[in-house]
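Each residue of the sequence shown is one higher than the one before, counting from 1 in the UniProt record's numbering.
Working notes, beginning with the structure itself.
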Amino acid sequence: GVGSNRSTANNRTMRREENETETPSPEKILSAGVGSNRSKANQVNSTLAQNSTRMPRFLWGIMTMMDSPKETERQQALRETYLNYFKTIRSNLTRQFICSVDELIHKKVNPNECYMIYAFVVGANATGPTHLMAINDTESMTVDRSTISDPVDDMIYLNIRENMNDGKSESWFKYATRLLHQGIEFDYIVKIDSDTLVFPDRFFNWVKDQSLPSSPQNISVYGGYPYRGKMCGSCNEQLVGSSFMGGELYFMSTNLARFITSPSLDRGSVWIDGHEDISIGNYVYSYTGEIRVAKIGKPRTHAIASHPMKSVGRLRSNFAKRRGWSLPRFAENGLS
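Below, the structure is given as structure tokens:
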């Protein structure tokens with residue numbers, strides 16, 4: 001998928017951090033906390049979470065490309081499936097739940113009703129740099145939308161040339177932290193591939209199971225699908241932590257996003273050529289404080305997400321088939 005090294009690194013031998021000898025049902029996985037070990041170190045502090053007054057909000061950056069008919073088709077499929085989930089599958093709910101960054105910036109929706117804030121993220125400058133880590137706080141991170149032919153409202157046009165492993169994800173996290181200064185409130189920033197299909201109500205059920213805290217208790221949380229083992233030969237020895245979160249879907253709290261994009265971090269010393277997700281993991285584990293890890297279960301169970309969905313037809317059919325897995329305990333007041 002765009003922004004992930006999964007599809008371009010078939011020579012890597014991957015091993016999930018959890019034992020894969022059993023394939024439990026989606027219901028069993030969710031009820032158990034989806035891959036978490038609750039008796040071990042309490043990776044996400046539920047005591048802190050009890051002090052939070054609302055469910056946390058997630059800002060989703062969907063990595064995609066401009067001027068690609070295939071990606072354009074996939075973007076529309078995502079808008080009509082999981083990004084439209086609560087309007088179609090949960091039509092009895094009266095709140096918005098999912099909205100775009102553009103809708104919040106231009107006050108088209110009630111911000112208190114948005115828990116899944118999304119944008120498609122593209123590199124829009126063919127002659128630009130591969131990342132924007134060196135710019136100062138007064139410089140724009142996006143290209144002038146008036147220079148874009150037929151700009152799309154829910155798309156962010158980063159002032160970089162399109163790339164997968166050379167700084168696009170870092171640039172997204174830096175841009176995302178700037179949105180906090182524009183009055184948009186969120187607690188975690190997500191990077192997700194365009195060929196990852198998410199089931200939003202199952203994701204939010206998982207968030208509740210994990211007791212992920214909202215601001216100001218959302219400190220140093222790093223979540224996603226953990227990988228370890230021999231990922232890419234010698235780069236296994238270059239891991240700063242014991243694992244990293246796979247590029248199909250991972251997230252971090254806003255303080256970690258600020259840290260990994262700050263001038264104080266020597267990113268070059270822990271960057272892994274050709275592996276965006278491993279590099280991001282190294283940046284995160286360079287943080288000197290405690291990292292709270294929130295593990296999502298195995299993608300092959302389709303409990304929360306399915307990856308890769310290379311075919312738009314497969315994406316749509318998987319969504320139609322598996323959307324019925326929604327748990328009855330999810331209710332409108334569950335996100336209050």
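All C-beta atoms in this analysis are idealised placements derived from N, C-alpha and C, irrespective of residue type, glycine included.
Whole-angstrom Cβ separation of residue i and residue j, contact assumed at under 8 Å?
i	j	result
Ile192	Trp60	6 Å
Phe97	Glu113	7 Å
residue 347	Met116	The chain is shown only over 1 to 336; residue 347 falls outside these bounds and no answer can be derived.
Gly281	Gly241	6 Å
Asn218	Ser253	5 Å
What do you reckon, are the CB atoms on residue i and residue j nearer than 7 Å?
i	j	result
Tyr222	Val293	yes
Asp277	Phe251	no
Tyr188	Phe58	yes
Ala119	Val101	yes
Thr288	Ser194	no
Thr130	Asn84	no
Ser171	Leu132	yes
Leu239	Val284	no
Glu237	His307	no
I'd like to confirm the pairing. Which residues does DSSP put opposite residue i in its beta bridges?
i	result
Ser123	First, the amino acid is wrong: residue 123 is Gly here, not Ser. According to DSSP, Gly123 bridges with Leu158.
Tyr222	Met252, Val293
Leu59	Ile117, Ile189
Once you ignore the five residues that flank residue i on each side, which residues in its own chain have a CB closer than 7 Å to its CB?
i	result
Val44	Bear in mind that a pLDDT of 32 at Val44, under 50, signals an unreliable position, so the model cannot answer this.
Thr143	For the sequence presented, residue 143 should be read as Val rather than Thr. Only Ala124, Asn125, Tyr157, Asn159 meet the Cβ criterion.
Ser215	Asp187
Arg258	Thr177
Cys99	Val109, Cys114, Ile117
Cys235	Ile272, His275, Ile278
Closest to residue i by CA distance: which of the options is it?
i	options	result
Glu103	Asp153, Arg95, Asn112, Asn125	Asp153
Pro263	Asp137, Leu78, Ala124	Asp137
Ile296	Ser317, Phe204, Val240, Lys168	Phe204
Arg202	Met141, Tyr82, Glu73, Ile117	Tyr82
Thr127	Arg161, Ile117, Thr147	Arg161
Val207	Met133, Ile304, Asp67, Arg228	Ile304
Tyr175	Asp266, Ile260, Asp67	Ile260
Lys70	Arg228, Val312, Ser317, Asn318	Val312
Ser140	Lys321, Leu179, Gly167	Leu179
So, for residue i: in the same chain, excluding its five sequence neighbours on each side, which residues have a beta-carbon less than 6 Å away from its beta-carbon?
i	result
Leu315	Ala77, Leu197, Met309
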